[in-house]
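If you read the sequences in order, they're chains Z and F.
All residue numbers for the first sequence refer to my numbering, where the first residue is 38 and numbers rise by one.
All residue numbers for the second sequence refer to my numbering, where the first residue is 38 and numbers rise by one.
All residues carry an ideal CB built from backbone N, CA and C; glycine is no exception.
Below: one structure, written as structure tokens.
There are 2 protein chains.
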Amino acid sequence: MNIGQASNASGISTKMIRYYDEIGLVRPASRTDSNYREYDQREINELRFIKRARSLGFSMEEITQLLSLWRDRERPSRVVKDIADRHIADLEARIVEMQAMAGTLRHLSHCCAGDDRPDCPILADLTAGKEPTQPAKAPARTRARYS
Amino acid sequence: MNIGQASNASGISTKMIRYYDEIGLVRPASRTDSNYREYDQREINELRFIKRARSLGFSMEEITQLLSLWRDRERPSRVVKDIADRHIADLEARIVEMQAMAGTLRHLSHCCAGDDRPDCPILADLTAGKEPTQPAKAPARTRARYS
DNA sequence: GGTGGACCTTCCCATGATGGGAGGGTCAAG
DNA sequence: CTTGACCCTCCCATCATGGGAAGGTCCACC
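The structure is reproduced here in structure tokens:
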């Protein structure tokens, strides 16, 4: 299978397949005399593995680990589970964060007339923005020239 | 106020403040004789506006629009609301997507023993992919038709 | 045999928002 | 004057992805 067929079989663009080759994630089984990449079923399966993992939101770094575990028939499932659980926690944290954003914005949008008048609680909120809570990294200021 | 003080007052790194200058988003009011950027209260307020908008997940492009609306006292609030509503829809779509990922992964993780044995439903799922091939108990010899 | 077009190759560039760091100038306190 | 915190510009890197140029290869059709 050449790269185009590998792309069709895996759903990954040729650009990305070449990239995975370049970074050493999935290497073609061989090259033809004319330097075309040749993939066999094993690599196709790996590409599909990556496709699926990406669709579940794993980063390329996590996928590198998962792929290496996948190739290792002796891996303890605990290691895989740990990676998945960390990713779940990461997803959940980002969901919470985005829900907070959406909630705030829904409230502001709800309060905004959305007509031709300029008064806008959304802009008002952005203007009022919270003071940056300054944890202050530097204590002693030899040069406190600010007011 | 020089750039460091503007950074402290806005919560935005000096790197990013220089970047905003470079792309024309927030220009310093002036420069000193020694070419230091000088910000006054108006720019500080704009930087804080940006900080707050970023914390609500707006992209820089959206912020560019919002900032321009903020500067225009005649803007119709409708335009602001439209931007916010589109952003809310975007956030919600991403939340739904990530919830689906997290849900799938929670299920897989739940089914994974997470011990020293190699059997792992998580890797099995990634292997199975989402192709028209059977889901699970059908180890058919999907062979041939490639060469 | 020739030709056209679909394919393949490598190399370079761009994204968005951010940070790191080098190399050098400026400012105020000691 | 020295010191060191601060500022300047310029370049590079990220992460995953795509665009495109310049050139080589394959194959089916005439």
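So is residue i buried or exposed if we call it buried at 16+ other beta carbons inside 10 Å?
| i | result |
| --- | --- |
| Z/S47 | buried |
| Z/I125 | buried |
| F/I54 | buried |
| F/K52 | exposed |
| Z/A181 | The predicted model places Z/A181 with a pLDDT of 31, which falls under 50 and marks its position as unreliable, so this point remains unresolved. |
| F/V63 | buried |
| Z/R112 | buried |
| F/I49 | buried |
| Z/E80 | buried |
Going straight from the alpha carbon of residue i to that of residue j, what length do you get?
| i | j | result |
| --- | --- | --- |
| Z/S92 | F/R115 | 36 Å |
| F/S44 | F/D70 | 21 Å |
| Z/M135 | F/N72 | 40 Å |
| Z/T101 | Z/R85 | 14 Å |
| Z/Q78 | Z/D127 | 33 Å |
| F/Y76 | Z/P65 | 55 Å |
| Z/R110 | F/R154 | 10 Å |
| F/D152 | Z/K118 | 9 Å |
| F/A137 | Z/A130 | 14 Å |
| Z/R123 | F/G61 | 40 Å |
| F/E59 | Z/A165 | 25 Å |
| Z/L106 | F/H147 | 19 Å |
| Z/E99 | Z/D156 | 47 Å |
| F/Y56 | F/L104 | 16 Å |
| Z/M97 | Z/R108 | 16 Å |
Measure the beta-carbon distance from residue i to residue j and round it to whole angstroms, keeping in mind my assumption that it falls under 8 Å.
| i | j | result |
| --- | --- | --- |
| F/A121 | Z/L142 | 6 Å |
| F/P132 | Z/I132 | Reading the sequence as shown, one finds Ile at residue 132 of chain F and not Pro. Sure, about 6 Å apart at Cβ, within 8 Å. |
Looking only at C-alpha atoms, which of the options sits nearest to residue i?
| i | options | result |
| --- | --- | --- |
| Z/L145 | Z/A137, Z/M138, Z/P158 | Z/P158 |
| F/L163 | Z/F95, Z/A90, Z/Y56, Z/M138 | Z/A90 |
| Z/L160 | F/A66, F/N39, F/Q42, F/N82 | F/N82 |
| Z/F95 | F/V117, F/Q42, F/E80, F/A139 | F/A139 |
| Z/M38 | Z/D58, Z/R68, Z/Y57 | Z/R68 |
| Z/G41 | Z/R123, Z/R74, Z/P155, Z/Y56 | Z/R74 |
Using only the heavy atoms of the ligand MN, determine whether one of them is closer than 7 Å to the beta carbon of residue i.
| i | result |
| --- | --- |
| Z/I120 | For the ligand MN, the structure offers nothing, since it holds no ligand at all. |
*asked:* Runs of 4 residues minimum, wholly inside the region 102 to 178 of chain F: which ones carry the alpha helix (DSSP H) assignment?
replied: 114 to 148, 158 to 165
*Any chance you could list the alpha helix (DSSP H) runs of at least 4 consecutive residues sitting entirely within the region 46 to 78 of chain F, in chain order?*
51 to 59
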